[in-house]
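Peer 1: Residue numbers for the sequence shown, in UniProt numbering: 1 to 220. The beta carbon of each residue, even a glycine, is placed where N, CA and C say it ideally should be. Have a look at the structure that comes next, please.
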Amino acid sequence: MIQYMRREKTLFECIRDIQFRQGEVTSENENTVSSGSEIEEISDEMKVERKSFPFLKLDSNDQIYQEIFNFKFAVASDGGCKKDKASAAILFELDGKLKTIKKKDELRTTCGPATKAQLLEVLAVKNAIELIIKNKLIEHEIAMIIDSSYAASKVAEIFSWKEKEFKKYDGSPAKHIETWKEIYNLINEHQLQLHVIKVKSHTNFLLNDLADGLANQGGC
1 MIQYMRREKT
11 LFECIRDIQF
21 RQGEVTSENE
31 NTVSSGSEIE
41 EISDEMKVER
51 KSFPFLKLDS
61 NDQIYQEIFN
71 FKFAVASDGG
81 CKKDKASAAI
91 LFELDGKLKT
101 IKKKDELRTT
111 CGPATKAQLL
121 EVLAVKNAIE
131 LIIKNKLIEH
141 EIAMIIDSSY
151 AASKVAEIFS
161 WKEKEFKKYD
171 GSPAKHIETW
181 KEIYNLINEH
191 QLQLHVIKVK
201 SHTNFLLNDL
211 ADGLANQGGC
């Protein structure tokens, strides 16, 4: 049996809850929120309080499909280095009732020949974030599918990691820190709602295989 993590409230819901406690929202107008500076102040508060994204590590394809069909959109990212090194991400639209998956958009970035595999995975995460923003899906909860343990765990804890200034346990700067800062800024600026799903690579899971294929396009 899969244990599902509780959905984090959207920024709208958090604002509404605060206003309700302050008496600014009643049962008649519970779907309205303040505007202007009040929202800016609450928005900043929410940004500080965010610590992590929901994170699941799933091994079987049945588990993965069961989980992702809880979402309307999913994005899969991967790095590739079979021929020319590249990072890639594909955005999918899902229908939980019909159990259908439709490719909505994709992004592939060619990287330099000296780019290490780990950095390719991080750059692929950035590709995924950019696809979400480009397609104006910032109001949606997105399933983010990643086969790199490093990339998946760091995305999930990116808010608390930023508070630690992206440092390792020994206090030294993390690898690829500039790219991680860019990813954090995009996530925080647009208040993205991500649910990180770590999957195994090369297990015939369609979404991950397609991202891998795009990253290794032209490879042998």
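Work out the CA separation of Ile177 and Lys103 for me, nearest whole Å.
Peer 2: It is roughly 31 Å from the alpha-carbon of Lys103 to the alpha-carbon of Ile177.
Peer 1: In the DSSP assignment, find the unbroken beta strand (DSSP E) run with Thr203 in it and report its ends.
Peer 2: Counting along the chain, Thr203 falls outside any beta strand (DSSP E), and DSSP gives it neither H nor E.
Peer 1: Please look up how many angstroms separate the CB atoms of Leu210 and Ala76, rounded, as I've assumed it's under 8 Å.
Peer 2: 7 Å
Peer 1: Check the C-beta distance from Glu106 over to Leu214 and give it rounded, since I have them as a contact under 8 Å.
Peer 2: The pair is a contact, with the Cβ atoms about 6 Å apart (cut-off 8 Å).
Peer 1: Looking at residue 302: is its Cβ nearer than 7 Å to the Cβ of Ala156?
Peer 2: The structure shown does not extend to residue 302, since the chain spans only 1 to 220, so no value can be given for it.
Peer 1: For Leu186, does the three-state DSSP call read helix, strand or coil?
Peer 2: In this structure, Leu186 counts as helix in the three-state DSSP scheme.
Peer 1: From Ser149, Ala124 and Phe159, pick the residue whose C-alpha is nearest to that of Ser52; which is it?
Peer 2: Phe159
Peer 1: In the DSSP assignment, the alpha helix (DSSP H) including Asp62 goes from what residue to what residue?
Peer 2: Per DSSP, Asp62 belongs to the alpha helix (DSSP H) from Asn61 to Ile68.
Peer 1: Drop a sphere of 10 angstroms on the beta-carbon of Gly79, count the other beta-carbons inside from all chains shown, and report buried for 16 or more, exposed for fewer.
Peer 2: Classification of Gly79: buried, given that the 10 Å Cβ count is 16 or more.
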